[in-house]
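See structure below.
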């Protein structure tokens, strides 16, 4: 947790991961993803934006190693080590029988590290997501937003090179969602993590990311990539700025094309 | 003065008529939950007593509750020894059912092949009435205690096996994915994810199995029949039946029923203690 990587300007970032012509076909018939090329650089905040069925979650599962590509390759610069990856699902996905601290301990526990050895890192991760006061709470005692924060703390506690987020805030109310969006950006500013964020919200993707990858369905594929060059930190002023509105318009248009092509 | 008035009226307003009614109903229900069964039980016993007295029914057909209690006290040494024998079989069977049920469930979830091969056998064992298998068991198994144990086990292990298998398989699929992403080994997924997920299911199976192992033990004793020394409650009931000692039959029956209730209550408390911190079933609703 202590290594805070600086986020370099786009164009100067080292390559972290590359998807080369990745195909995924289910049951030999359903083409979930066709020839996806994507280069992920260190410090990127990439949103995969698209309608349902566009393969954005499939792409995430492939990167996470939960499924193998039918064709193509996924290459990690310098190879993939344990703890290189943190994942946040749409659900908080916490173990209900374990306390908040024990849930965040899980990635370390699986590597055989005792709670005592990593207590500091767990506390640090919980502080980062604003839950420093709740290490001993059980998930059921927390609100939906707080559970999601625990999930984020678990994803970043190992200081991973890449964090995958699969529509993490989709099930939350709008107010909580905006708060978590702001906090996520603050968090990223602090620890300089690389994020791939799946969403179906144009506004969320433009607010959060510096790269928006627009995808279309049937077959799932990338149709466009937009660069959102607004500087971080982004806040309410950005959310209401003409630049934000302009980026949203471009992204919406790209999404509209994606929908047409699918139809 | 004005301010004071307002606080008073606010305090009154906190408990309006509707809230007061709900609170009252909750209190009444709280008392009734305990009181009602006691009243109904008391009335039934009183009705039983009146039935016997008013119709002058002889005790060798239907003894009065008082007479049953007297017999229970008088025959306590015999009945208590028999109870111990039956309970011993019951608890041993339950213990073996837990080991066998959980062990098989873990084997089944670790190996699809084992599950495909052996699950049908578990079902066959379960659906075949133990009464019909027991005579064969007592032919092949010399040792009577082991025979009894085997019968009780056959009845008791299936709910534990079925429930624990279901529990081990119902671990959250996202958490499974997470385990894979973090490179968890098989035993780690079992230990940290599947076993805790299965705990509520296992405990619910255990409560059923507790009652069933008692039933299994009693049924097996009936089939095993004689033996005299070291005989359980079922044997005492059979024996008392031959001698038309109806009060003793009732007394033994009461002991069996009470044992069953105590076992169920004990396992329910165990279940509550294990789950109270996190599981929906054990949480108090606001």
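Chains as they are written, first to last, in the working numbering: chain A, 1014 to 1276; chain B, 21 to 306.
By construction, the Cβ of each residue, glycine as well, lies at the ideal position given by its N, Cα and C atoms.
Which first and last residues belong to the beta strand (DSSP E) in which residue i is found?
{"i": "residue 240(B)", "result": "Per DSSP, residue 240(B) belongs to no beta strand (DSSP E); it is in the alpha helix (DSSP H), 215–244."}
{"i": "residue 1020(A)", "result": "Here residue 1020(A) belongs to no beta strand (DSSP E), and DSSP marks it neither H nor E."}
{"i": "residue 1210(A)", "result": "1207–1212"}
{"i": "residue 1238(A)", "result": "1234–1240"}
{"i": "residue 1153(A)", "result": "Where residue 1153(A) is concerned, there is no enclosing beta strand (DSSP E), given that its DSSP letter is neither H nor E."}
{"i": "residue 1058(A)", "result": "1058–1062"}
{"i": "residue 1084(A)", "result": "1084–1089"}
From the DSSP output, in three-state form, read off residue i for me.
{"i": "residue 1037(A)", "result": "strand"}
{"i": "residue 135(B)", "result": "helix"}
{"i": "residue 190(B)", "result": "coil"}
{"i": "residue 1159(A)", "result": "helix"}
{"i": "residue 1110(A)", "result": "coil"}
{"i": "residue 265(B)", "result": "coil"}
{"i": "residue 1050(A)", "result": "strand"}
{"i": "residue 180(B)", "result": "helix"}
{"i": "residue 1183(A)", "result": "coil"}
{"i": "residue 1224(A)", "result": "strand"}
{"i": "residue 1031(A)", "result": "strand"}
{"i": "residue 35(B)", "result": "coil"}
{"i": "residue 1270(A)", "result": "helix"}
{"i": "residue 1230(A)", "result": "coil"}
{"i": "residue 1044(A)", "result": "strand"}
{"i": "residue 1175(A)", "result": "strand"}
{"i": "residue 1170(A)", "result": "coil"}
{"i": "residue 1144(A)", "result": "coil"}
{"i": "residue 1098(A)", "result": "strand"}
{"i": "residue 292(B)", "result": "helix"}
{"i": "residue 79(B)", "result": "coil"}
{"i": "residue 125(B)", "result": "helix"}
{"i": "residue 1217(A)", "result": "helix"}
{"i": "residue 95(B)", "result": "coil"}
{"i": "residue 248(B)", "result": "Model confidence at residue 248(B) stands at a pLDDT of 48, short of 50, so the residue's coordinates are unreliable and nothing is read from them."}
{"i": "residue 1081(A)", "result": "coil"}
{"i": "residue 1124(A)", "result": "coil"}
{"i": "residue 1257(A)", "result": "helix"}
{"i": "residue 1202(A)", "result": "helix"}
What whole-angstrom Cβ distance do residue i and residue j have, given they're in contact under 8 Å?
{"i": "residue 1144(A)", "j": "residue 1159(A)", "result": "6 Å"}
{"i": "residue 1121(A)", "j": "residue 1113(A)", "result": "Not a contact, Cβ separation roughly 14 Å."}
{"i": "residue 1223(A)", "j": "residue 1057(A)", "result": "7 Å"}
{"i": "residue 1068(A)", "j": "residue 1045(A)", "result": "5 Å"}
{"i": "residue 150(B)", "j": "residue 174(B)", "result": "6 Å"}
{"i": "residue 1060(A)", "j": "residue 1265(A)", "result": "Rounded, the Cβ-Cβ distance is 13 Å, inconsistent with contact."}
Roughly how many angstroms lie between the CA atoms of residue i and residue j, to the nearest whole one?
{"i": "residue 1064(A)", "j": "residue 1146(A)", "result": "38 Å"}
{"i": "residue 216(B)", "j": "residue 1110(A)", "result": "7 Å"}
{"i": "residue 235(B)", "j": "residue 1115(A)", "result": "42 Å"}
{"i": "residue 186(B)", "j": "residue 77(B)", "result": "52 Å"}
{"i": "residue 1262(A)", "j": "residue 1029(A)", "result": "30 Å"}
{"i": "residue 1167(A)", "j": "residue 1137(A)", "result": "11 Å"}
{"i": "residue 1128(A)", "j": "residue 1117(A)", "result": "10 Å"}
{"i": "residue 270(B)", "j": "residue 52(B)", "result": "29 Å"}
{"i": "residue 1048(A)", "j": "residue 1036(A)", "result": "5 Å"}
{"i": "residue 298(B)", "j": "residue 1154(A)", "result": "9 Å"}
{"i": "residue 1237(A)", "j": "residue 208(B)", "result": "42 Å"}
{"i": "residue 1015(A)", "j": "residue 1097(A)", "result": "Summary for residue 1015(A): the model assigns pLDDT 48, below 50, so the residue's position carries little reliability; its value from the coordinates is reported in the next sentence. Roughly 15 Å separates the two Cα atoms."}
{"i": "residue 44(B)", "j": "residue 285(B)", "result": "29 Å"}
{"i": "residue 1232(A)", "j": "residue 204(B)", "result": "33 Å"}
{"i": "residue 222(B)", "j": "residue 112(B)", "result": "18 Å"}
{"i": "residue 956(A)", "j": "residue 1134(A)", "result": "Examination of residue 956(A) is not possible in this model, given that chain A is present from 1014 through 1276 alone."}
{"i": "residue 266(B)", "j": "residue 83(B)", "result": "7 Å"}
{"i": "residue 232(B)", "j": "residue 240(B)", "result": "12 Å"}
{"i": "residue 180(B)", "j": "residue 121(B)", "result": "5 Å"}
{"i": "residue 1225(A)", "j": "residue 1239(A)", "result": "5 Å"}
Taking the alpha helix (DSSP H) that residue i belongs to, which residues open and close that run?
{"i": "residue 309(B)", "result": "As shown, chain B starts at 21 and ends at 306. That puts residue 309(B) outside it, with no answer to give."}
{"i": "residue 298(B)", "result": "Residue 298(B) -> no alpha helix (DSSP H), and no H or E assigned at all."}
{"i": "residue 212(B)", "result": "Unbroken run through residue 212(B): none, as it is neither H nor E."}
{"i": "residue 160(B)", "result": "150–160"}
{"i": "residue 1070(A)", "result": "1069–1077"}
{"i": "residue 1250(A)", "result": "1249–1252"}
Do we get a CB-CB distance below 9 Å when we pair residue i with the residues of chain D?
{"i": "residue 299(B)", "result": "No chain D is present in this structure, whose protein chains are A and B."}
Quiz prompt | Residues in the region 128–161 of chain B having any Cβ partner in chain A nearer than 8 Å | solution = none
Quiz item: Going along the chain, which residues of the region 1209–1236 of chain A sit with their C-beta nearer than 7 Å to a C-beta in chain B?
Solution: none
Practice problem: Check each residue of the region 1093–1104 of chain A: if its Cβ is closer than 7 Å to any Cβ of chain B, include it; give the result in chain order. | Solution: 1095, 1098, 1100, 1102, 1104
Quiz item: Which residues, taken in chain order from the region 225–242 of chain B, show a beta carbon closer than 7 Å to some beta carbon of chain A?
Solution: If the cut-off is 7 Å between Cβ atoms, the region 225–242 of chain B has nothing near chain A.
Quiz item: Name the residues in the region 1039–1066 of chain A whose C-beta lies less than 7 Å from a C-beta of chain B; which are they?
Solution: none
Quiz item: Along the region 195–208 of chain B, what residues have a CB closer than 9 Å to any CB found in chain A?
Solution: 195, 197, 198, 199, 200, 201, 202, 203, 204, 205, 208
Quiz prompt | Residues in the region 1068–1083 of chain A having any Cβ partner in chain B nearer than 9 Å | solution = 1074, 1077, 1078, 1079
Exercise. Would you list, in chain order, the members of the region 166–187 of chain B that have their beta-carbon closer than 8 Å to a beta-carbon of chain A?
Key: none
Exercise. Would you list, in chain order, the members of the region 282–293 of chain B that have their beta-carbon closer than 7 Å to a beta-carbon of chain A?
Key: Those would be none; no residue qualifies.
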